[in-house]
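Written below as structure tokens is the structure these notes are about.
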Amino acid sequence: MQYLPNVIFVILLIAGIGFFVRNVSKLKRNIFLGKEESLTDDKPQRWKNMAMIALGQSKMVVRPIAGALHIIVYVGFVIINIEVLEIILDGIFGTHRMFAVLGPVYDFLIGSFEVLALLVIVAVIVFWMRRNVIKLKRFFKPEMEGWPKNDGNMILYIELVLMVLFLTMNGADYQLQQMGADHYAAAGAFPVSGMIAPMFEGMPIPSLVLLERTAWWLHIAGILFFLNYLYYSKHLHILLAFPNTYYGKLTPKGQFKNLQSVTDEVKMMMDPDADPYAEPAEDAAVPDKFGASDVQDLSWVQLLNAYTCTECGRCTSECPANQTGKKLSPRKIMMDTRDRLEEVGKNIDANKGEFKDDGKQLLNDYITPEELWACTSCNACVQACPISIDPLSIIMDMRQYLVMEQSAAPTDLNNMMGNIENNGAPWPFNQMDRLNWSKES
Amino acid sequence: MASELKVPTMAEFFASGTVPEVLFWVGCAGSFDDRAKKITKAFVKILNKANVSFAVLGTEESCTGDPAKRAGNEFLFQMQAVTNIEVLNAYEIKKIVTACPHCFNTIKNEYPGLGGNYEVVHHTQFLKDLLSEGRISMEGGSFKGKRITFHDPCYLGRANGVYEAPRDLIRKLDAELIEMKSCKQRGLCCGAGGAQMFKEPEKGDKDVNIERTEQALETKPEIIAAGCPFCNTMMTDGVKNKEKEDDVAVMDIAEMIAAAEDL
Chain A
0 MQYLPNVIFV ILLIAGIGFF VRNVSKLKRN IFLGKEESLT DDKPQRWKNM
50 AMIALGQSKM VVRPIAGALH IIVYVGFVII NIEVLEIILD GIFGTHRMFA
100 VLGPVYDFLI GSFEVLALLV IVAVIVFWMR RNVIKLKRFF KPEMEGWPKN
150 DGNMILYIEL VLMVLFLTMN GADYQLQQMG ADHYAAAGAF PVSGMIAPMF
200 EGMPIPSLVL LERTAWWLHI AGILFFLNYL YYSKHLHILL AFPNTYYGKL
250 TPKGQFKNLQ SVTDEVKMMM DPDADPYAEP AEDAAVPDKF GASDVQDLSW
300 VQLLNAYTCT ECGRCTSECP ANQTGKKLSP RKIMMDTRDR LEEVGKNIDA
350 NKGEFKDDGK QLLNDYITPE ELWACTSCNA CVQACPISID PLSIIMDMRQ
400 YLVMEQSAAP TDLNNMMGNI ENNGAPWPFN QMDRLNWSKE S
Chain B
0 MASELKVPTM AEFFASGTVP EVLFWVGCAG SFDDRAKKIT KAFVKILNKA
50 NVSFAVLGTE ESCTGDPAKR AGNEFLFQMQ AVTNIEVLNA YEIKKIVTAC
100 PHCFNTIKNE YPGLGGNYEV VHHTQFLKDL LSEGRISMEG GSFKGKRITF
150 HDPCYLGRAN GVYEAPRDLI RKLDAELIEM KSCKQRGLCC GAGGAQMFKE
200 PEKGDKDVNI ERTEQALETK PEIIAAGCPF CNTMMTDGVK NKEKEDDVAV
250 MDIAEMIAAA EDL
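In the order they appear, the protein sequences are chains A and B. Numbering that gives the first Met the number 0 applies: residue 0 is where the first sequence begins, and numbers increase by one. Numbering that gives the first Met the number 0 applies: residue 0 is where the second sequence begins, and numbers increase by one.
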């Protein structure tokens, strides 16, 4: 019976991590439903981008208030994992404050965790106010109703509860240490929870132990719950921001990819030696679908982008189309892509690993042509994203599908393209008149 | 108006067996749009004054394909690109200057993958180089002390990171450069990019160029400077919409320099 808590702890830990691993493998499978894209070039630059943007938070501070608050929560999260490691080891071995052997270093660690925990609480409260009291404009767009709104708040509540549990646990521990209770040897410095401790004065040792243990168990159970909440939430960015910034675009923002399948065809057409009556080669690859109408047509990086998006809306608030009241919202493009990808994933799970046509697709069922045609391709959304997401690439791929597969461009654009084809200019002027300006006064 | 423009073509250079220092890619707007033609001519005047050996393709030039690509027509884009690249490569072009950020971006970034490798510069970069090499000299002239705000073209700024060349030139005119609330990396689009120039905007509260013009007018400028023929048109329309055309001029940087030098 003595080892019952240890056994329960290990079971809880294995279940929590096991469920998480299962979801990660599903996540990976979904991402790789996307088309292959090789991104193994310029590794030093990629590592640098990851270090600067994800680890160094360099793009968060473009908006100083949100940036500073985010850094607090981020640092708090990263550092406090040392504490989580200790909790896990204590849980497995039935020890208490195993790292206390570090002496003064341990005092410093616990002290800094406590200060960070308090700062995180403050940051979380400000974040909550921004969403619910100040009602920041970018959190109130049509795509933010329902789950996205609740999800945003839920994350803040969980973080708040975890921090309060952490400080309660430490406060009770500190009180027990001062009372010389068994098992609670003096260890650690408690600059924040030390202030809570007086509230526990006069409580008998068994009650305090119960309080400390309850907070301890709820804290670690909460962490395991939060870990598994990630998959269902925008909060997944805390993990995916790293690979996403690593695989982020390295070429100039204005450089769009040239479709290889088109290049092959154009080269063949322009080749004066080509035999126009030749039979197509037997093994000629069936040309891919041009552009994208569903998630499987996008590349895996674009799908990774979709899972990484944390719906902060910086892209949308910088988008000129959105600023002037048009339907386009780059954030919605990413959220729609993720939603559709999730739907496709569930479809595959339900059909024994195979996707069964559900009569739906990303285009029209999620993203409308009106949104796509409102984009000026100005790259403001790409610039604004703090974690290297490229909504523009999805918009452009879907335009390609509309034009090249469906000939569904707006009439004006068809006229423009007709002019280019016939006159070499988007306007109906004769190419032979191209130099007339030099003779006009 | 000074002397007549000298606009040699590549074909003429080729016939005489010589090569110019740089090819001036005029672009469709610069060739056909009445407003943009003034920018083209202003730039040529500066080139003439500085004795730059340049040529244009003239009737051999065709649309780069930028609006087709950004409208989603990759096939038409590549047809245009490959045709242009054949012409450029036949003339063994090394360096290209253009006053259109869309041509600039496409030739610089998207042509290399199709076999077209050139050094491509925007005209503001080229002018800045001429200035630092001492091949042109600039005085403020009528622009001295004027309040000027610069609208960053997306395809020059964000797309390719060119922010300083146009600003340096404005400062060289002894003008007072005032930044809009969104500028440089956070500059707001004029509303014409991504082939929007050639279609009606989607339904919304207002058009993008009006929003941008409002931002520009907030700086109380005497001149809104631009570095793109499409931005120029959009901002000019915006200023007209706000009935400010008598107080605020929209000018390309090349036009400003040509005017300052009384060319």
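Cβ atoms here follow ideal geometry from the backbone N, Cα and C, with glycine treated the same way. Since the model is a prediction, treat every value here as computed from it, not as a measurement.
Below 8 Å between beta carbons: does that hold for A/ALA451 and B/GLY71?
Chain A is shown from 0 up to 440; residue 451 of chain A falls before or after that span and cannot be answered.
For A/THR262 and chain B, any beta-carbon pair shorter than 8 Å?
Residue contact check for A/THR262 against chain B: a CB pair falls below 8 Å.
Spell out a yes or no on whether the stretch 169–179 of chain A and the stretch 221–237 of chain A are touching, meaning 3 or more CB-CB pairs, one atom from each, closer than 8 Å.
The answer is no - the stretch 221–237 of chain A does not touch the stretch 169–179 of chain A, with fewer than three Cβ pairs under 8 Å.
Which residue wins for smallest C-alpha separation from A/ARG337, given the options A/SER316, A/ALA349, A/ILE52, A/VAL294?
Minimum Cα distance to A/ARG337 is reached at A/VAL294.
With 16 other CB atoms within 10 Å as the buried threshold, where does B/MET0 fall?
Note that B/MET0 has pLDDT 47, beneath the 50 cutoff, so the model's placement of it is unreliable and the number below is only indicative. It counts as exposed.
What does the alpha-carbon distance come out to for the pair B/LYS36 and A/ASN321?
Going from the Cα of B/LYS36 to the Cα of A/ASN321 covers about 32 Å.
Please compile the residues from chain B whose C-beta is within a distance smaller than 7 Å of the C-beta of A/PHE255.
Residues of chain B passing the Cβ test: LYS68, GLU109.
Just list the residues that DSSP pairs B/THR97 with in beta bridges.
Under DSSP, B/THR97 forms a beta bridge with B/TRP24, B/HIS121.
Is the CB of B/GLU118 under 8 Å away from at least one CB in chain A?
It does not; no Cβ of chain A falls within 8 Å.
Would you kindly work out how many angstroms separate the C-alpha atoms of A/ASN413 and A/MET403, rounded to a whole number?
A/ASN413 and A/MET403: Cα-Cα distance of roughly 12 Å.
For a contact meaning CB atoms closer than 7 Å, what does B/GLN79 contact in chain A?
Residues of chain A passing the Cβ test: ILE419.
Quick check: is the beta carbon of B/PHE31 nearer than 8 Å to any beta carbon in chain A?
By the rule that beta-carbons nearer than 8 Å mark a contact, B/PHE31 touches chain A.
Return the CA-CA distance between B/THR232 and B/GLN77, expressed in angstroms with no decimal places.
Approximately 27 Å between the Cα atoms of the pair.
Taking buried to mean at least 16 other C-beta atoms within 10 Å of its own C-beta, is A/ILE133 buried or exposed?
A/ILE133 is exposed by the Cβ-count criterion.
Of the residues that make up the stretch 200–214 of chain B, which ones have a beta carbon closer than 9 Å to any beta carbon in chain A?
Hits within the stretch, in order: PRO200, GLU201, LYS202, GLY203, ASP204, LYS205, ASP206, VAL207, ILE209, GLU210, ARG211.
Can you pull the chain B neighbours of A/ASP411, defined as C-beta to C-beta under 8 Å?
Correct list: PHE197, LYS198, GLU199.
According to DSSP, is A/SER298 part of a helix, a strand, or is it coil?
Look at A/SER298 here: in three-state DSSP terms it is strand.
Is there a Cβ from chain B that is less than 8 Å from the Cβ of A/PRO425?
Closer than 8 Å to some Cβ of chain B, the Cβ of A/PRO425 qualifies, so yes.
With 16 other CB atoms within 10 Å as the buried threshold, where does A/HIS351 fall?
The question names His, but residue 351 of chain A is Lys in the sequence shown. If you draw a 10 Å sphere on the C-beta of A/LYS351, you find fewer than 16 other C-beta atoms in it, and that means exposed.
Among B/GLY193, B/THR218, B/LYS219, nearest to B/VAL207 - alpha-carbon criterion:
Residue B/GLY193 is the option with its Cα nearest to B/VAL207.
Do B/LEU75 and A/THR262 have their C-beta atoms within less than 8 Å of each other?
No, the pair does not count as a contact, with Cβ atoms beyond the cut-off.
Contact check, B/PHE197 vs B/TYR90 under 8 Å by CB: the rounded distance?
Separation of the CB atoms of B/PHE197 and B/TYR90 is rounded to 29 Å, and the pair is thereby denied contact status at 8 Å.
Please determine, among A/MET431, A/MET415, A/ASN435, A/ASN421, the residue with the shortest C-alpha to C-alpha distance to B/ALA67.
Residue A/MET415 is the option with its Cα nearest to B/ALA67.
Could you name the residues of the stretch 12–46 of chain B whose beta carbon sits closer than 7 Å to any beta carbon of chain A, in the order they occur along the chain?
Going along the stretch 12–46 of chain B in chain order, one finds CYS27, SER30, PHE31, LYS36, THR39, LYS40 with a Cβ nearer than 7 Å to chain A.
Quick one: what does DSSP say B/ASP206 is sitting in, helix, strand or coil?
The answer is coil: DSSP assigns B/ASP206 none of H, G, I, E or B.
Contact criterion: CB-CB distance below 8 Å. Does A/GLN301 meet it with respect to chain B?
Closer than 8 Å: no.
Return helix, strand or coil for B/GLU260, following the three-state DSSP convention.
The three-state reading of DSSP puts B/GLU260 in coil, since its state is none of H, G, I, E or B.
Can you find the residues in the same chain that come closer than 6 Å, C-beta to C-beta, to A/ASP335, ignoring five residues on each side of it along the sequence?
The residues TYR365, ILE366, in chain order, have a CB closer than 6 Å to that of A/ASP335 in the same chain once the five nearest residues on each side in sequence are set aside.
The stretch 372–386 of chain A: which residues have C-beta closer than 9 Å to a C-beta of chain B, in chain order?
The stretch 372–386 of chain A vs chain B, Cβ under 9 Å: TRP372, ALA373, CYS374, THR375, SER376, CYS377, ASN378, ALA379, VAL381, GLN382, ALA383.
For B/GLU242, count neighbouring C-beta atoms within 10 Å of its own C-beta (all shown protein chains included) and say buried if the count is 16 or more, exposed if not.
Taking a 10 Å sphere around the C-beta of B/GLU242, we find fewer than 16 other C-beta atoms and assign the residue as exposed.
Extent of the continuous alpha helix (DSSP H) to which A/MET194 belongs:
From DSSP, the alpha helix (DSSP H) with A/MET194 extends over 192–195.
Tell me whether the beta-carbon of A/PRO319 lies closer than 8 Å to the beta-carbon of B/CYS188.
Yes; because the gap between Cβ atoms is below 8 Å, this pair is in contact.
If we ignore side chains and look at the alpha-carbon of each, how far apart do A/TYR156 and A/VAL191 end up?
Spanning the two alpha carbons is a distance of roughly 20 Å.
Mind checking if B/GLU254 is an interface residue toward chain A, Cβ cutoff 8 Å exclusive?
Not one chain A Cβ lies under 8 Å of B/GLU254.
Compare the C-beta of B/GLY57 against all C-beta atoms of chain A and say whether one is closer than 8 Å.
Closer than 8 Å: yes.
Under 8 Å, Cβ to Cβ, is there at least one residue of chain A near B/MET0?
With a pLDDT of 47 at B/MET0, under the threshold of 50, the modelled position of that residue is not reliable, and the figure given next carries that caveat. Residue-level contact by beta carbon holds for B/MET0 and chain A, with a gap shorter than 8 Å.
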